[in-house]
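Have a look at the structure below before the remarks.
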Amino acid sequence: MQLSVRLVPVGETTLVIALTGELDSTTRPVLAAFLDPLPRSPVKYVVVAAADLWFCDLNGLQQLAITHQALRGKGGHLAVAEARSPLRRLVTLMAEQARPSIPLYTSMPEALAATGLESYETLLPRRHLPRLHAVRTVPSTAVRDRPRIARDPDADGGRELKEELDQAHEELQQINRALTARSIELDEVTRLVSSVVRSLGDAVVVLNAELRVIVWSRGAEELWGVGADEAVGGAFASLDIGLPLESLMPCLRAALAGEIQGTVLEAVNRRGLPMPLAVRLSRLRTEDDEAHGLIMAMNVVGPDASPGR
């Protein structure tokens, strides 16, 4: 899930935030990085352009509500414009819980008119932010008679805020790219380890020093019909599988003590058929050569040597 954020200052105290993507518990911190500094800035009004916000859950809406409440404290508000019907319903439900209601507007001109703007021009062309709009003047004497403040480019707090937020957004994007790369690397390592384990034998089980299962291969699942989610973490001796544990467990304890030896067992597969099984044991070692478990590779012996047969 991804969330794209675009900032467009459109007045001395008004900021448009265009959201694209999905806003939930995963992407909420991205939006929070932009919204949290606003109550301490000159910005009083925030208009969220939500036409391209495909999904928003309660986590995302709570972040918007927090900023709305903070801006109300300085005489402003956060409003949502062009929201899709699920988000409008969510905002309505939140309002019914006696929380400060986030204003909803069907269009950007309407939302910006409520901030006292007569017109605005976007800095970043977006589908839901055309280049120039004429905005209907709010029929309020206070708004019409509001004195116009000359903008000083050298002391433009909104411009400085945008630069800071752009920098924070770029840092978050870099972190996201790094996490994505690490995730891809981890997937590749997982596939490699799975391939190695599969190559060791028809079934491979890794046990810790207490003889609890820490790896249960796909072959072991096919051989005895017990899934990894059931086996991993449990005591090997407690598994209900077709192994003669009374003869195997002494071999495992001896292997932990350093007496490595292989054996052939008369096992039973998941269909209840007899199955000679060659067991090869290896000690699991740390980098300093300390043994802390066992690797048990098992191969079906005989002409029909296929797991699960």
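Here the sequence shown is numbered in my numbering, starting from 5 and rising by one per residue. We put the beta carbon where it would ideally sit given N, CA and C, even for glycine. Just so it is clear, the structure is predicted and the values come from calculations on it, not from any experiment.
Contact set for residue i: own chain, Cβ-Cβ below 7 Å, skip 5 residues either direction
i: Leu39; result: Gln67 and Thr71
i: Trp58; result: Gly25 and Glu26
i: Leu288; result: Val210, Ala295, His296, Gly297, Leu298 and Ile299
i: Gly231; result: Glu225
i: Lys78; result: Pro43 and Lys48
i: Ala207; result: Ser221, Gly223, Ala224, Leu227, Met302 and Pro311
For residue i, the first and last residue of its enclosing alpha helix (DSSP H)
i: Leu94; result: Ser89 to Ala99
i: Ala327; result: Lying outside 5 to 313, the shown extent of the chain, residue 327 is not represented and no answer is given.
i: Pro278; result: Careful: Pro278 lies outside any alpha helix (DSSP H), inside the beta strand (DSSP E) at Pro278 to Arg289.
i: Pro254; result: Leu249 to Leu260
i: Leu62; result: Leu62 to Arg76
i: Ala241; result: Here Ala241 belongs to no alpha helix (DSSP H), and DSSP marks it neither H nor E.
i: Val34; result: Arg32 to Leu39
Given residue i as reference, the closest of the options once Cα atoms are compared
i: Leu269; options: Gln73, Val20 and Val283; result: Val283
i: Val20; options: Gln6, Leu42 and Glu26; result: Leu42
i: Arg222; options: Ser198, Asn212, Leu211 and Ser242; result: Ser198
i: Pro13; options: Val209, Pro33 and Val47; result: Val47
i: Leu215; options: Glu189, Arg93 and Ala258; result: Ala258
i: Asp244; options: Ala182, Arg274 and Ser251; result: Arg274
i: Leu65; options: Gly77, Ala83 and Thr17; result: Ala83
i: Val200; options: Ala55, Thr31, Ala301 and Asn212; result: Ala301
i: Gln178; options: Glu192, Val208, Val34 and Ser286; result: Val34
i: Pro121; options: Asn303, Asp233, Ala235 and Glu16; result: Correcting the residue identity first, residue 121 is Leu in this sequence and not Pro. Ranking the options by Cα distance to Leu121, first place goes to Glu16.
i: Pro113; options: Glu86, Pro90, Met279 and Phe240; result: Glu86
i: Tyr109; options: Glu226, Arg88 and Leu281; result: Arg88
i: Pro107; options: His81, Gly238 and Glu100; result: His81
For residue i, the three-state DSSP class (helix, strand or coil)
i: Asn273; result: coil
i: Thr267; result: strand
i: Ser187; result: helix
i: Ile106; result: coil
i: Asp170; result: helix
i: Leu215; result: coil
Residue range of the beta strand (DSSP E) that includes residue i
i: Gly25; result: Thr18 to Leu27
i: Ala10; result: Reading off the sequence shown, one finds Arg at residue 10, where the question assumed Ala. Residues Leu7 to Pro13.
i: Leu121; result: From DSSP, Leu121 is part of no beta strand (DSSP E); its letter is neither H nor E.
i: Ala301; result: Ala295 to Val304
i: Ala85; result: His81 to Ala85
i: Ala207; result: Ala207 to Asn212
i: Val47; result: Per DSSP, Val47 belongs to no beta strand (DSSP E) and is neither H nor E.
Close-in-space but distant-in-sequence residues of the same chain around residue i (CB under 8 Å, 5 per side omitted)
i: Asp28; result: Met5, Phe59, Cys60, Asp61, Asn63 and Gly64
i: Pro278; result: Glu270, Ala271 and Val272
i: Gly266; result: Ala282, Val283, Arg284 and Leu285
Same chain, Cβ closer than 6 Å to residue i, five either side skipped, listed in chain order
i: Val236; result: Val217 and Trp220
i: Leu94; result: Leu65
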